[in-house]
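**Student:** Quick mapping for you: the protein sequence lines, in order, are chains A and B. Everything in the first sequence is counted per this note's numbering, starting at 962 for the first residue and increasing by one. Everything in the second sequence is counted per this note's numbering, starting at -19 for the first residue and increasing by one. Just so you know, even glycine gets a beta-carbon here, dropped at the ideal spot from N, CA and C. Note that this is a predicted model, so its numbers are computed, not measured. After the structure tokens below, expect a handful of questions from me.
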Amino acid sequence: MRPIDLFDDYLSGKLSAQDVAEFEARLSSDSTFANAFEQHKTLIDTLNRNEKRNAFKNKLKAIHTSAFGNDAKIISITREESFAKRYGRTVLVAASTAAIVVLSTVAAISPGVKQTNNEITELGLKLKASSDAVVEGIKEGNRLKPLPAPANLEGSAFAFNNKGYIITSSHMVNGADSVFVQNGSLERTLTEVVLIDTKLDIAILKIADAKIVKAWEVPFSFSEKPTDIGEKVYTLGYPRKDVVYGEGSLSSLSGYYNDTTMYQISIPVNPGNSGGPLLNDQGNVIGVIRGKITGAEATGFAIKSNEIFKSIAALTVDSVKTDLLSPPKKQSLKGLKRTEQIKRINPYVFNVLVYKKD
Amino acid sequence: MSNTSINPNKAFMSSSKVQYTEGQFIDGLRTGNNEVLNVLYKKYYNIVLKFIVNNSGTQEAAQDIYQETIIVLYENVQKPGFELNCQLQTYIYSIAKRLWLKQLKKNSKTFLFKDDDENEVVDVTEDMTVYETKEAELEKMNQSLAELGEPCATLIKDFYVQKLSMDEIAEKFGYTNADNAKNQKYKCLQRLKKSFFELLPVEQIERK
């Protein structure tokens, strides 16, 4: 019998009691035999440990893929309130399929979009019912003075033009029951979601109350000119209840994984900054804050403003499109000191409060 | 031992609705509970990701380092008498930090390093030394198996890991009988042994 076969039989318990005794006696008397056996055992042990390790590695890879996917992810920076936290909702935005959804009762929609439209209409109803409930809650609240229910998600938004349109991130308002905006000069006001582009991650809201919008004079305009790396940029947003200013510079003309629809910026953005404006030195809006790389500090991403106009131009609903393609042309911030710019911009940057049914 | 400290990253963490205590995590890992592993994996990923990305690593590198970290943890909890003397998060961060520093040093002589202020570090030298020694051996085994090629590698694994009988192996690989299969296995194992021990420094065999 070859030593290896003997070793295998011994290790797998195939030897008779007498053979085992002989085997063990030889191990203690014959050092060459004992060494060969030790070596064999080491080899088989290592082989088994290796297989176990590889199986575990594969298991981890599978967990990773199912939990985080293979694609690069940018974490969206929406402020989640306790409600969402309790349910551990993850706000990971993956590069998802293009879907431009128009929320509108306008009939002129091509047949291909019909199905989506039905879905949305239903959502629109839900939105109404829910907002009524909230409004009622507030009315009652005036007597008892309780605070309104905390929103499920909060983020930032800013005025798009003088017609009451407001721009924010789609990842916040997607699937929302009701979306409110508020800031230092505007009380909590209900908005209607007019457009959602999940691929670009922008959404456009509209303040329905014409009285509020009447006096609007948006001080900034959108810059469609290419921007240079190194340019000083800043943002205003609502990572907490009060407006917060953040500044830095434009780090790259492309976003994560060379996504050319985004800029990379060196502004430390925080949960809640999503949807805020990215402004240059002259006070022109050059983008919308989208997110940051998971965990990385001082690296943010913003959607380029010209991409937003491309998305709007692709709309098929004319009445909304016409409104949206007339962004403020007049801009009254050029040459002003940064602090002065901010004073004028502030009324047009909002805290977005999103209510969702879980 | 449940972790109640407020972590700003928590809101982003992918966590299941199931909550486990640290003790339950350790026990679950020890017994190979897949559900526990799943929850644990998701819970601590962002800590390691954040650290690696802030220290000149890519997301892919973070994934690799994190998985290696979980392997170290997994293998250490299997050891009889293993006791966690700090928070699980601290332990995971400390291991990941060590693994990543080692890789950074291997790749370049100079690098910037920034510790994560939110995380404490504990000394994991002992746990890591055992792991690193084993890791070298396993690396050699993988290499030897790759050199061995097919059908040898599968045959060896079928016999020594899957514990298939020679009859089953003969049928699977199309040998006429169990004796032929056994001879084939013998030849394959000799080649594996030669290749493995040549690659392995003598010192490491003796350390066992």
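Given S175 of chain B, which residues of its chain have a CB within under 6 Å of its CB, disregarding the five upstream and five downstream residues?
**Tutor:** Here the question's residue 175 of chain B lines up with position 195 in the second sequence. Taken in chain order, the residues that qualify are S124, E127.
**Student:** Taking 8 Å as the CB-CB cut-off, is F177 of chain B touching chain A?
**Tutor:** Within the second sequence, residue 177 of chain B is the residue found at index 197, counting from 1. Yes, F177 of chain B lies at the interface with chain A (some Cβ there is under 8 Å from its Cβ).
**Student:** With burial defined as no fewer than 16 other Cβ atoms inside 10 Å of the residue's Cβ, what is the status of A1164 of chain A: buried or exposed?
**Tutor:** On the first sequence, position 203 is the one that residue 1164 of chain A refers to. Buried, because 16 or more other Cβ atoms sit within 10 Å of the Cβ of A1164 of chain A.
**Student:** Tell me which residues share the same chain as S1213 of chain A and place their Cβ nearer than 8 Å to its Cβ, disregarding the 5 neighbours each side in the sequence.
**Tutor:** Translated into the one-based positions of the first sequence, residue 1213 of chain A becomes position 252. Excluding positions up to five away in sequence, the list reads I1190, Y1224, Q1225.
**Student:** Report back the beta-carbon spacing between Y1309 of chain A and P1180 of chain A to the nearest angstrom; my notes put them in contact at under 8 Å.
**Tutor:** Here the question's residue 1309 of chain A lines up with position 348 in the first sequence. Here the question's residue 1180 of chain A lines up with position 219 in the first sequence. Going by Cβ atoms, the distance from Y1309 of chain A to P1180 of chain A rounds to 7 Å, so yes, they are a contact pair.
**Student:** Is DSSP giving S1213 of chain A helix, strand or coil here?
**Tutor:** As a position in the first sequence, residue 1213 of chain A is number 252, starting the count at 1. Residue state, collapsed to three classes: strand.
**Student:** Leaving aside the five residues before and after F968 of chain A along the sequence, list all residues of the same chain whose C-beta is less than 7 Å from its C-beta, in chain order.
**Tutor:** Against the first sequence, residue 968 of chain A aligns to sequence position 7. Cβ neighbours of F968 of chain A beyond the five flanking positions: F998, H1001.
**Student:** List the residues of chain E whose Cβ lies closer than 7 Å to the Cβ of F1017 of chain A, in chain order.
**Tutor:** Absent from the structure is chain E; the protein chains it does hold are A and B.
**Student:** How big is the Cα-Cα spacing for E1153 of chain A and N1113 of chain A?
**Tutor:** Residue 1153 of chain A sits at position 192 when you count from the first residue of the first sequence. Residue 1113 of chain A sits at position 152 when you count from the first residue of the first sequence. For E1153 of chain A and N1113 of chain A, the distance between alpha carbons rounds to 17 Å.
**Student:** Verify whether the separation of the beta carbon atoms of K1018 of chain A and Q43 of chain B is less than 8 Å.
**Tutor:** As a first step, residue 1018 of chain A must be located in the first sequence, where it is residue number 57. As a first step, residue 43 of chain B must be located in the second sequence, where it is residue number 63. Contact: no.
**Student:** Buried or exposed: D939 of chain A, going by 16 or more other Cβ atoms within 10 Å of its Cβ?
**Tutor:** Residue 939 of chain A cannot be examined here, being either before or after the span of chain A that is shown, 962 to 1319.
**Student:** Hey, is V104 of chain B's beta-carbon within less than 8 Å of any beta-carbon in chain A?
**Tutor:** The residue labelled residue 104 of chain B in the question sits at position 124 within the second sequence. No - not a single Cβ of chain A is within 8 Å of the one on V104 of chain B.
**Student:** At which residues does the alpha helix (DSSP H) containing A1016 of chain A begin and terminate?
**Tutor:** For this step, residue 1016 of chain A is matched to residue 55 along the first sequence. Taken as a continuous stretch (DSSP letters only), the alpha helix (DSSP H) holding A1016 of chain A covers 992 to 1029.
**Student:** Report the residues of the segment 5 to 22 of chain B with a CB closer than 8 Å to any CB of chain A, ordered along the chain.
**Tutor:** Of all residues in the segment 5 to 22 of chain B, N14, L17, N18, Y21, K22 have a Cβ within less than 8 Å of some Cβ in chain A.
**Student:** Provide the residue(s) that pair with Q1143 of chain A in DSSP beta bridges, ordered along the chain.
**Tutor:** Within the first sequence, the letter at position 182 stands for residue 1143 of chain A. Bridge partners of Q1143 of chain A: A:N1312.
**Student:** On the three-state DSSP scale, how would you describe T1320 of chain A?
**Tutor:** Because residue 1320 of chain A is not part of the residues shown, which for chain A are 962 to 1319, the question remains open.
**Student:** Considering just the uninterrupted stretch of the beta strand (DSSP E) at S1117 of chain A, what are its terminal residues?
**Tutor:** As a position in the first sequence, residue 1117 of chain A is number 156, starting the count at 1. First-last of the beta strand (DSSP E) with S1117 of chain A: 1114 to 1120.
**Student:** Determine the direct distance from the alpha carbon of L1286 of chain A to that of N1122 of chain A, and round the result to whole angstroms.
**Tutor:** Position 161 of the first sequence, counted from the first residue, corresponds to residue 1122 of chain A. Position 325 of the first sequence, counted from the first residue, corresponds to residue 1286 of chain A. Going from the Cα of N1122 of chain A to the Cα of L1286 of chain A covers about 9 Å.
**Student:** Within the same chain, show all residues whose beta-carbon is closer than 6 Å to that of E1185 of chain A, passing over the 5 residues directly before and after it, in chain order.
**Tutor:** Sequence index remark: in the first sequence, residue 1185 of chain A carries index 224 (1-based). Only N1267 meet the Cβ criterion.
**Student:** Quick one: using the 10 Å Cβ neighbour count with 16 as the cut-off for buried, is A161 of chain B buried or exposed?
**Tutor:** Numbered from its first residue, the second sequence carries residue 161 of chain B at position 181. Flag for A161 of chain B reads buried.
**Student:** Please report how far the alpha carbon of T1003 of chain A lies from the alpha carbon of N163 of chain B, in whole angstroms.
**Tutor:** In the first sequence, counting from the first residue as 1, residue 1003 of chain A sits at position 42. In the second sequence, counting from the first residue as 1, residue 163 of chain B sits at position 183. Cα to Cα, T1003 of chain A sits roughly 21 Å from N163 of chain B.
**Student:** Just the Cα atoms here: how many angstroms apart are G12 of chain B and T109 of chain B?
**Tutor:** Taking the first residue of the second sequence as position 1, residue 12 of chain B is located at position 32. Taking the first residue of the second sequence as position 1, residue 109 of chain B is located at position 129. Going from the Cα of G12 of chain B to the Cα of T109 of chain B covers about 23 Å.
**Student:** Provide the residue span of the beta strand (DSSP E) that contains G1233 of chain A, from first to last.
**Tutor:** The residue labelled residue 1233 of chain A in the question sits at position 272 within the first sequence. No beta strand (DSSP E) holds G1233 of chain A; DSSP gives it neither H nor E.
**Student:** Please list, in chain order, the chain A residues whose beta carbon lies closer than 7 Å to that of M121 of chain B.
**Tutor:** What you label residue 121 of chain B is simply residue 141 of the second sequence in a count that begins at 1. Here the neighbours are T1007, L1008, N1011.
**Student:** Contact between the segment 55 to 65 of chain B and the segment 15 to 26 of chain B is defined here as three or more beta-carbon pairs at a separation below 8 Å; is this criterion met?
**Tutor:** No, because fewer than three Cβ pairs between the segment 55 to 65 of chain B and the segment 15 to 26 of chain B fall closer than 8 Å, the two stretches do not touch.
**Student:** Is there a C-beta anywhere in chain A that falls below 8 Å from the one on Y140 of chain B?
**Tutor:** Numbered from its first residue, the second sequence carries residue 140 of chain B at position 160. Chain A, which has a Cβ nearer than 8 Å to the Cβ of Y140 of chain B, makes this yes.
**Student:** Kindly list, in the order they appear in chain A, the residues whose Cβ is closer than 7 Å to that of L169 of chain B.
**Tutor:** The residue you call residue 169 of chain B lines up with position 189 of the second sequence. Residues of chain A passing the Cβ test: I965.
**Student:** So who's on the other strand from E1208 of chain A, going by DSSP bridges?
**Tutor:** On the first sequence, position 247 is the one that residue 1208 of chain A refers to. The partner list for E1208 of chain A (beta bridge, DSSP) reads A:Y1195.
**Student:** Less than 8 Å between the beta carbons of L53 of chain B and L9 of chain B, yes or no?
**Tutor:** Looking up residue 53 of chain B in the second sequence gives position 73. Looking up residue 9 of chain B in the second sequence gives position 29. Yes, the Cβ-Cβ distance between L53 of chain B and L9 of chain B is below 8 Å.
**Student:** Between L118 of chain B and chain A, is any beta-carbon pair separated by less than 8 Å?
**Tutor:** Here the question's residue 118 of chain B lines up with position 138 in the second sequence. With 8 Å as the cut-off, L118 of chain B counts as an interface residue toward chain A.
**Student:** Do T1188 of chain A and N1241 of chain A have their C-beta atoms closer together than 8 Å?
**Tutor:** Your numbering for residue 1188 of chain A matches position 227 in the first sequence. Your numbering for residue 1241 of chain A matches position 280 in the first sequence. A contact, by the Cβ cut-off of 8 Å.
**Student:** Let's see if you can read the secondary structure: which residues bound the alpha helix (DSSP H) around G3 of chain B?
**Tutor:** In the second sequence, counting from the first residue as 1, residue 3 of chain B sits at position 23. From DSSP, the alpha helix (DSSP H) with G3 of chain B extends over 2 to 10.
**Student:** Considering just the uninterrupted stretch of the alpha helix (DSSP H) at Q1225 of chain A, what are its terminal residues?
**Tutor:** The residue labelled residue 1225 of chain A in the question sits at position 264 within the first sequence. Not the alpha helix (DSSP H): Q1225 of chain A falls in the beta strand (DSSP E), residues 1223 to 1226.
**Student:** Which residue from A:G1136, A:K1022, A:G1261, A:T1026 puts its Cα closest to that of I51 of chain B?
**Tutor:** Mapped onto the second sequence, residue 51 of chain B falls at position 71. Among A:G1136, A:K1022, A:G1261, A:T1026, the Cα nearest to that of I51 of chain B is on A:K1022.
**Student:** Quick one: grab the DSSP three-state call for I1303 of chain A.
**Tutor:** To locate residue 1303 of chain A, count along the first sequence from 1; it is residue 342. Helix at I1303 of chain A.
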